[in-house]
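Going by the working numbering, the letters in the sequence shown line up with residues 7 to 468, in that order.
Please read the structure below before turning to the comments.
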Amino acid sequence: MSESRTYDVTIKSFNKKGQGVTKYRRDDWEGKGKNLRLTVPRTIPGEVVRVNVPNAMNRKSAFVTPEKIIEKDENRIEAPCKYFDICGGCQWQHFDYNAQLKTKENAVRMHIKNQGFDESIIQPIIGAENEWRYRNKMEFTFGSNGELGLHEMDNFRNIIDLDSCLIAGVETEKVMNIVSEWAKQSGIKTYNKDTKEGILRYLMVRESQHTGEVMCAIFAADDPEPYEEEINQLLKTLVSEVENIESITWSKNTDLADMTQSERTVVLHGRDYIHDEMYGFNYRLWFDTFFQTNPRQAEKLVDLAIEFAKPTKDQSMIDLFCGVGTFSLPFATRVKRLAGIEIVETSIESAKQNAEENDIANTYFLAKDARRGIDEVLENWGRPDVIMLDPPRSGAGGKVMRRIGRLQTDRVVYVSCNPETFAKDITWLRDFGYELKIVQPVDLFPHTVHVELVALLERKPI
């Protein structure tokens, strides 16, 4: 292995993960120039940083942390979290929040422009009211040596043993610390991904910002019964120290996949769900319910979607990728009838229950993929007046977008958590006579690279 080399490099841009990237032109031993691609986290484009690259002459790329910031960007600030340099939870705590917003807005502009749309219709980004403590759900992992926390930056096998997390709620942080201390004292082994041995795997905490109710969900490789004595001690501590803890569950999960899923769930305290609220509607949330992670900021998405769609009481509407009805319920009170389509059956069952509990009777929820769901609605109702979609990060895809285009509704409202896939998706609607009228970026996740948006497309008059 050749020796390591130290280089002073200028950071050129952010990558998709919000990490600084650059290329360094270096000469090898034959005197030939070659590019060394460097990923340097915790840096800002334009900064000059010193890095040490192991085996520098024999590699084309490297992930390295900066040894020294030689020339700092004016927007660099001191990160408030003591784990920021190693934890993978946030990417931009070192980056002034207003500069974060501008960077996110520019990313939306770039993706829109790259697909041939007029970027002048993009509105200034709406920032978050709360930069910190904004998440209502956190998933922590038990490490093989008893740690409980988040994954190390760019090293999925290492777990950072946390005692604080500034984007989590206060009660969430308290639950994390109680469970962490209990796990270390209980003698129950934590799970080892390599040997597939051990019991404790994950901790999920939900904390409603509206009702105050708290959920603690533990995921383990065994049933809870063999550990009754240890679990009772945990329950005693949680119930006495965490106000409004309404759900404590233990889920058996022996699947090799690194996911919070359940083969059998046992309620240890309270019930298996908590109540939350968004946009004035009540929701039941189970451990596997998809719900907006920053609900207060997400209410702005609902406001914008309603403003763009202009729903009226004589219209019918389809809400694609409707989940548990986050957008469906507010829209249902403004239209004649609404069909929600979602492929995840448990989400559809939750949506039906949420509509019933909120006394909404004009909804029709289907557990189908988007295209088949649209076909069923057409058979029963005919062509809808408004289409709204909120697909996953991967986007809706060309087949779904073409199906939407053939409907020829006057308005299509698209809510996106990925500007890149959004921009690709809407290109399909151009061929069906739709024009992109407005794009409004919204920040739901401060100190991360993620950005949401709400967009309106209108069919051009023939």
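Ideal Cβ positions, reconstructed from N, Cα and C, are used throughout, including at glycine.
CA nearest to the CA of residue i, picked from the options
i           : options            : result
residue 349 : 366, 327, 412, 341 : 327
residue 359 : 155, 252, 224, 281 : 281
residue 71  : 315, 14, 22, 80    : 14
residue 63  : 40, 81, 315        : 40
residue 342 : 352, 323, 408      : 323
residue 367 : 390, 379, 42, 338  : 338
residue 397 : 390, 406, 391      : 406
residue 435 : 22, 17, 464        : 464
residue 329 : 353, 87, 91        : 353
residue 402 : 377, 388, 386, 413 : 377
residue 233 : 189, 276, 244, 121 : 189
residue 161 : 85, 87, 47, 59     : 47
residue 262 : 67, 227, 399       : 227
residue 400 : 425, 410, 409, 412 : 425
residue 237 : 266, 61, 86, 206   : 206
residue 123 : 415, 375, 408, 432 : 432
residue 153 : 186, 60, 176, 177  : 186
residue 65  : 32, 462, 83        : 32
beta-carbon residue i near the ligand FAD non-hydrogen atom, thresh 7 angstroms
i           : result
residue 293 : The ligand FAD is not part of the structure shown, which contains no ligands of any sort.
Residues near residue i in its chain [Cβ-Cβ closer than 7 angstroms; skip 5 each side]
i           : result
residue 89  : 166, 168
residue 163 : 199
residue 179 : 170, 171
residue 85  : 99, 100
residue 92  : 158, 159, 166
residue 331 : 346, 357, 360, 361
residue 3   : An answer regarding residue 3 cannot be provided, because it is not within the stretch 7 to 468 covered by the chain.
residue 382 : 372, 374
Sequence-distant residues of its chain with Cβ nearer than 6 angstroms to residue i (five each side left out)
i           : result
residue 256 : 224, 230, 272, 274
residue 97  : 24, 454, 455
residue 133 : 107, 449
residue 466 : 439, 441
residue 138 : 172
residue 157 : 94
residue 422 : 428, 459
residue 174 : 141, 144
residue 22  : none
residue 105 : 81
residue 115 : 125, 128
Contacts around residue i, its chain only, beta-carbon distance under 8 angstroms, and the 5 residues preceding and following it disregarded
i           : result
residue 288 : 281, 282, 360, 363, 364
residue 319 : 340, 341, 342
residue 135 : 302, 303
residue 120 : 429
residue 184 : 240, 243, 244, 247, 248
residue 409 : 376, 377, 380
residue 193 : 236
residue 74  : 55, 56
residue 35  : Here the model assigns residue 35 a pLDDT of 45, short of 50, so the residue's position is not dependable, and the following value carries that caveat. Excluding sequence neighbours, residue 35 sits near 63.
Contact under 8 angstroms by Cβ, residue i with residue j
i           : j           : result
residue 384 : residue 420 : no
residue 182 : residue 94  : no
residue 216 : residue 429 : no
residue 306 : residue 448 : yes
residue 142 : residue 212 : yes
residue 392 : residue 321 : yes
residue 334 : residue 295 : no
residue 268 : residue 196 : no
residue 42  : residue 57  : no
residue 3   : residue 290 : The structure shown has nothing for residue 3, since the chain only spans 7 to 468.
residue 148 : residue 208 : yes
residue 444 : residue 293 : no
residue 113 : residue 457 : yes
residue 254 : residue 218 : no
residue 415 : residue 452 : no
residue 61  : residue 10  : yes
residue 12  : residue 28  : no
Chain B contact for residue i (CB, 8 angstroms cutoff)
i           : result
residue 355 : As a matter of chain content, chain B is missing from the structure shown, which is built from one protein chain.
#### Entry: Any beta strand (DSSP E) of 3 or more consecutive residues that is wholly inside the segment 68-138
74-77
### Unbroken stretches of the beta strand (DSSP E), 3 residues or longer, contained in the segment 322-380
322-326, 343-347, 369-372
### Query
Between the segment 213-230 and the segment 247-254, are three or more C-beta pairs nearer than 8 angstroms?
yes
### Task
Assess, as a yes-or-no matter, whether the segment 331-351 is touched by the segment 369-384 under the definition of 3 or more beta carbon pairs within less than 8 angstroms.
yes
### Query
Do three or more CB pairs link the segment 50-57 to the segment 77-88 at distances below 8 angstroms?
yes
### Task
Evaluate the contact criterion for the segment 117-134 versus the segment 200-209: three or more CB pairs, one atom per stretch, below 8 angstroms.
no
### Message
Going residue by residue through the segment 163-200, where are the continuous alpha helix (DSSP H) segments of at least 4 residues, counting only ones entirely within it?
### Response
176-192
### Task
Only counting runs of 3 or more residues, tell me where the beta strand (DSSP E) segments fall wholly within the segment 388-444, in order along the chain.
392-395, 417-422
### Message
My parser needs the alpha helix (DSSP H) runs of 4 or more residues fully inside the segment 281-325; what are they?
### Response
301-315
#### Entry: Every unbroken beta strand (DSSP E) within the segment 8-37, with a cutoff of 3 residues, ordered by chain
11-16, 26-33
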